[in-house]
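Heads up: the sequence shown begins at 1 in full-length UniProt numbering, then just goes up one per residue. In this text, a Cβ means the ideal position worked out from N, Cα and C, and glycines have one as well. What follows is a set of notes on a single structure, which appears directly below.
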Amino acid sequence: MSPLQELLADVPQVGQVRWIGVRPRAREAMLEVEAVEARREAGLTGDHSRPGPRNARQVTLIQWEHLAVVAALLGRDAPMPPSELRRNIAVAGINLFSLKGRRFRIGQALLETTGWCQPCARLEERLGRGTFQAMRGHGGITARVIEGGIIRLEDTVSVEPLETISDPQDNDARQGWRARLE
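Right under this line is the structure:
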(Lines of atoms letter the chains of each structure in order from A and count residues from 1; the text may use other names and numbers.)
(Lines give C-alpha, C1' and ligand atoms only; values in the text may rest on other atoms or scores of the structure.)
Protein backbone atom coordinates (compact mmCIF):
# COMPACT_ATOMS: atom_id res chain seq x y z
CA MET A 1 0.00 0.00 0.00
CA SER A 2 1.36 3.44 -0.90
CA PRO A 3 1.91 6.08 1.79
CA LEU A 4 -1.08 8.04 0.47
CA GLN A 5 -3.31 4.94 0.59
CA GLU A 6 -2.17 4.31 4.17
CA LEU A 7 -3.07 7.87 5.14
CA LEU A 8 -6.48 7.58 3.49
CA ALA A 9 -7.16 4.20 5.11
CA ASP A 10 -6.28 5.36 8.65
CA VAL A 11 -9.09 7.38 10.27
CA PRO A 12 -8.17 7.66 13.97
CA GLN A 13 -10.87 10.20 14.85
CA VAL A 14 -14.05 9.07 16.53
CA GLY A 15 -17.11 11.25 16.08
CA GLN A 16 -20.17 11.86 18.18
CA VAL A 17 -23.85 12.27 17.28
CA ARG A 18 -24.93 15.79 18.27
CA TRP A 19 -28.38 15.95 16.64
CA ILE A 20 -30.94 13.56 15.08
CA GLY A 21 -33.98 14.46 13.03
CA VAL A 22 -36.55 12.78 10.78
CA ARG A 23 -39.10 14.10 8.27
CA PRO A 24 -42.42 12.23 8.36
CA ARG A 25 -43.27 13.60 4.90
CA ALA A 26 -41.36 15.38 2.17
CA ARG A 27 -41.23 19.18 2.59
CA GLU A 28 -42.51 18.99 6.18
CA ALA A 29 -40.59 20.26 9.19
CA MET A 30 -37.92 18.05 10.73
CA LEU A 31 -38.76 16.38 14.03
CA GLU A 32 -35.87 16.34 16.48
CA VAL A 33 -35.51 13.00 18.28
CA GLU A 34 -33.17 11.60 20.92
CA ALA A 35 -32.97 8.16 19.31
CA VAL A 36 -33.99 6.52 16.07
CA GLU A 37 -34.02 3.03 14.61
CA ALA A 38 -31.91 2.55 11.50
CA ARG A 39 -33.44 -0.23 9.39
CA ARG A 40 -31.51 -2.25 6.81
CA GLU A 41 -32.31 -1.06 3.29
CA ALA A 42 -35.08 1.17 4.67
CA GLY A 43 -33.40 4.13 6.37
CA LEU A 44 -34.58 5.70 9.61
CA THR A 45 -37.91 4.87 11.24
CA GLY A 46 -40.23 7.85 10.89
CA ASP A 47 -38.32 9.39 7.99
CA HIS A 48 -39.99 9.72 4.60
CA SER A 49 -37.02 8.47 2.55
CA ARG A 50 -37.99 5.78 0.09
CA PRO A 51 -36.99 2.36 1.38
CA GLY A 52 -35.13 -0.14 -0.74
CA PRO A 53 -31.60 -1.28 -1.51
CA ARG A 54 -31.31 1.10 -4.48
CA ASN A 55 -32.00 4.21 -2.41
CA ALA A 56 -28.60 5.78 -1.84
CA ARG A 57 -30.10 8.53 0.37
CA GLN A 58 -31.52 6.41 3.19
CA VAL A 59 -29.69 8.58 5.75
CA THR A 60 -28.15 12.05 5.39
CA LEU A 61 -25.38 13.30 7.67
CA ILE A 62 -23.85 16.74 8.12
CA GLN A 63 -20.70 17.86 9.87
CA TRP A 64 -21.60 19.66 13.13
CA GLU A 65 -18.63 21.99 12.72
CA HIS A 66 -19.93 23.09 9.29
CA LEU A 67 -23.11 24.56 10.78
CA ALA A 68 -21.10 27.60 11.92
CA VAL A 69 -19.33 27.83 8.54
CA VAL A 70 -22.61 27.88 6.61
CA ALA A 71 -24.03 30.50 8.98
CA ALA A 72 -20.92 32.68 8.59
CA LEU A 73 -21.16 32.44 4.80
CA LEU A 74 -24.76 33.66 5.09
CA GLY A 75 -23.76 36.53 7.38
CA ARG A 76 -25.45 35.08 10.47
CA ASP A 77 -24.02 35.29 13.98
CA ALA A 78 -25.17 31.91 15.33
CA PRO A 79 -24.60 28.45 13.82
CA MET A 80 -27.38 27.13 11.60
CA PRO A 81 -29.85 24.84 13.38
CA PRO A 82 -29.41 21.34 11.89
CA SER A 83 -33.17 21.09 11.30
CA GLU A 84 -32.98 24.03 8.87
CA LEU A 85 -30.47 22.17 6.67
CA ARG A 86 -32.70 19.07 6.50
CA ARG A 87 -30.11 16.41 7.28
CA ASN A 88 -30.92 13.41 9.51
CA ILE A 89 -27.82 13.31 11.70
CA ALA A 90 -25.30 15.99 12.70
CA VAL A 91 -21.92 14.54 13.69
CA ALA A 92 -19.01 16.27 15.47
CA GLY A 93 -15.37 15.30 15.80
CA ILE A 94 -14.78 13.35 12.59
CA ASN A 95 -14.38 14.61 9.04
CA LEU A 96 -17.31 13.13 7.13
CA PHE A 97 -15.32 13.33 3.89
CA SER A 98 -12.94 10.74 5.38
CA LEU A 99 -15.87 8.30 5.22
CA LYS A 100 -15.93 8.32 1.40
CA GLY A 101 -16.33 4.75 0.15
CA ARG A 102 -16.29 3.45 3.72
CA ARG A 103 -18.52 1.71 6.20
CA PHE A 104 -18.94 3.23 9.64
CA ARG A 105 -20.76 2.52 12.88
CA ILE A 106 -23.11 4.88 14.63
CA GLY A 107 -24.36 3.35 17.84
CA GLN A 108 -25.67 -0.11 16.97
CA ALA A 109 -26.06 0.55 13.24
CA LEU A 110 -23.60 -0.03 10.40
CA LEU A 111 -23.87 2.42 7.49
CA GLU A 112 -22.07 2.81 4.19
CA THR A 113 -21.34 6.13 2.51
CA THR A 114 -23.02 6.44 -0.89
CA GLY A 115 -22.11 9.98 -1.89
CA TRP A 116 -22.04 13.67 -1.12
CA CYS A 117 -25.23 15.37 0.04
CA GLN A 118 -25.36 18.32 -2.33
CA PRO A 119 -27.55 21.36 -1.63
CA CYS A 120 -30.78 21.73 -3.54
CA ALA A 121 -32.82 24.68 -4.81
CA ARG A 122 -35.38 24.15 -2.02
CA LEU A 123 -32.81 25.23 0.59
CA GLU A 124 -32.39 28.50 -1.30
CA GLU A 125 -36.17 28.93 -1.39
CA ARG A 126 -36.56 28.20 2.33
CA LEU A 127 -33.51 30.01 3.75
CA GLY A 128 -32.91 32.81 1.30
CA ARG A 129 -30.56 33.93 -1.41
CA GLY A 130 -27.01 32.59 -1.10
CA THR A 131 -27.90 29.41 0.81
CA PHE A 132 -27.13 27.14 -2.14
CA GLN A 133 -23.60 28.59 -2.51
CA ALA A 134 -23.00 28.62 1.26
CA MET A 135 -23.86 24.91 1.46
CA ARG A 136 -21.61 23.82 -1.43
CA GLY A 137 -18.90 21.60 0.04
CA HIS A 138 -20.61 21.65 3.45
CA GLY A 139 -23.73 19.57 2.73
CA GLY A 140 -22.41 16.35 4.24
CA ILE A 141 -22.85 12.80 2.99
CA THR A 142 -25.53 10.29 2.10
CA ALA A 143 -25.51 6.71 3.37
CA ARG A 144 -27.40 3.46 3.31
CA VAL A 145 -28.05 1.17 6.27
CA ILE A 146 -26.11 -2.11 6.06
CA GLU A 147 -26.98 -3.42 9.56
CA GLY A 148 -29.91 -2.03 11.50
CA GLY A 149 -29.83 -0.80 15.08
CA ILE A 150 -30.60 2.08 17.39
CA ILE A 151 -28.79 5.43 17.01
CA ARG A 152 -28.88 7.79 20.01
CA LEU A 153 -27.66 11.28 20.77
CA GLU A 154 -24.01 11.19 21.87
CA ASP A 155 -23.40 7.78 20.24
CA THR A 156 -19.95 7.38 18.77
CA VAL A 157 -19.22 7.36 15.04
CA SER A 158 -16.29 5.13 14.10
CA VAL A 159 -14.90 3.98 10.78
CA GLU A 160 -14.74 0.27 10.03
CA PRO A 161 -11.29 -0.97 8.94
CA LEU A 162 -10.81 -1.55 5.24
CA GLU A 163 -10.81 -5.18 4.18
CA THR A 164 -7.36 -6.56 3.58
CA ILE A 165 -6.39 -7.89 0.19
CA SER A 166 -5.39 -11.53 0.41
CA ASP A 167 -3.54 -11.69 -2.93
CA PRO A 168 -1.59 -8.51 -3.82
CA GLN A 169 -1.36 -9.76 -7.43
CA ASP A 170 -5.16 -9.83 -7.73
CA ASN A 171 -5.95 -6.89 -10.02
CA ASP A 172 -9.66 -6.86 -9.09
CA ALA A 173 -8.74 -6.55 -5.42
CA ARG A 174 -6.30 -3.71 -6.15
CA GLN A 175 -8.96 -1.89 -8.15
CA GLY A 176 -11.37 -2.35 -5.22
CA TRP A 177 -8.85 -0.68 -2.91
CA ARG A 178 -8.51 2.25 -5.28
CA ALA A 179 -12.28 2.66 -5.52
CA ARG A 180 -12.65 2.63 -1.72
CA LEU A 181 -9.84 5.12 -1.22
CA GLU A 182 -10.77 7.67 -3.89
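For this session: Have a look at A56 and L111 and give me their C-alpha separation to the nearest angstrom.
Result: One-based indexing of the sequence shown puts residue 56 at position 56. One-based indexing of the sequence shown puts residue 111 at position 111. In this structure, the alpha-carbon of A56 lies about 11 Å from that of L111.
Exercise. What is the rounded straight-line gap between the Cα of G101 and the Cα of L127?
Worked result: For the purposes of this step, residue 101 is taken as the residue at position 101 of the sequence shown. For the purposes of this step, residue 127 is taken as the residue at position 127 of the sequence shown. Going by the C-alpha atoms only, they are around 31 Å apart.
Problem set entry | Cβ shell of P79 (< 6 Å), same chain only, five flanking positions each side left out | Here residue 79 is taken as the residue at index 79 of the sequence shown, counted from 1. Only L67, A68 and A71 meet the Cβ criterion.
Exercise. Buried or exposed: which applies to D155, given that a residue is buried once 16 or more other Cβ atoms fall within 10 Å of its Cβ?
Worked result: Here residue 155 refers to the residue found at position 155 of the sequence shown. Classification for D155: buried.
For this session: Would you kindly work out how many angstroms separate the C-alpha atoms of A121 and P24, rounded to a whole number?
Result: In the sequence shown, the residue the question calls residue 121 occupies position 121. In the sequence shown, the residue the question calls residue 24 occupies position 24. Rounded to whole angstroms, A121 to P24 spans 21 Å at the Cα level.
Problem set entry | Rounded C-alpha distance that separates G140 from P3 | As a working mapping, residue 140 is identified with position 140 in the sequence shown. As a working mapping, residue 3 is identified with position 3 in the sequence shown. In a straight line, the C-alpha of G140 is about 27 Å away from that of P3.
Exercise. L7: buried (16+ other C-beta within 10 angstroms of its C-beta) or exposed?
Worked result: If you number the sequence shown from 1, residue 7 lands on position 7. With fewer than 16 Cβ atoms within 10 Å of its Cβ, L7 is classed as exposed.
Problem set entry | L96 - DSSP class collapsed to helix/strand/coil | Position 96 of the sequence shown holds residue 96. For L96, the secondary structure class from DSSP, reduced to helix, strand or coil, is helix.
For this session: From the DSSP output, read off the bridge partner residues of T131.
Result: To locate residue 131, count along the sequence shown from 1; it is residue 131. According to DSSP, which records beta bridges pairwise, T131 is partnered with nothing at all.
Problem set entry | Burial state of residue 196, where buried means 16 or more other Cβ atoms lie within 10 Å | The structure shown does not extend to residue 196, since the chain spans only 1 to 182, so no value can be given for it.
Exercise. Which of helix, strand or coil does DSSP assign to E147?
Worked result: Working through the sequence shown from its first residue, we reach residue 147 at position 147. If DSSP states are grouped into helix, strand and coil, E147 belongs with the strands.
For this session: From the DSSP output, in three-state form, read off R23 for me.
Result: Reading the sequence shown from its first residue, position 23 is the one you call residue 23. Residue state, collapsed to three classes: coil.
Exercise. Quick one: what does DSSP say S49 is sitting in, helix, strand or coil?
Worked result: On the sequence shown, position 49 is the one that residue 49 refers to. Annotated three-state conformation of S49 is coil, per DSSP.
Exercise. Do you know how far the Cα of A42 is from the Cα of L123?
Worked result: Within the sequence shown, numbered from 1, the residue matching residue 123 stands at position 123. Within the sequence shown, numbered from 1, the residue matching residue 42 stands at position 42. The alpha-carbon separation between L123 and A42 amounts to approximately 25 Å.
Exercise. In three-state DSSP terms, what is R126?
Worked result: If you number the sequence shown from 1, residue 126 lands on position 126. R126: helix per DSSP, three-state reduction.
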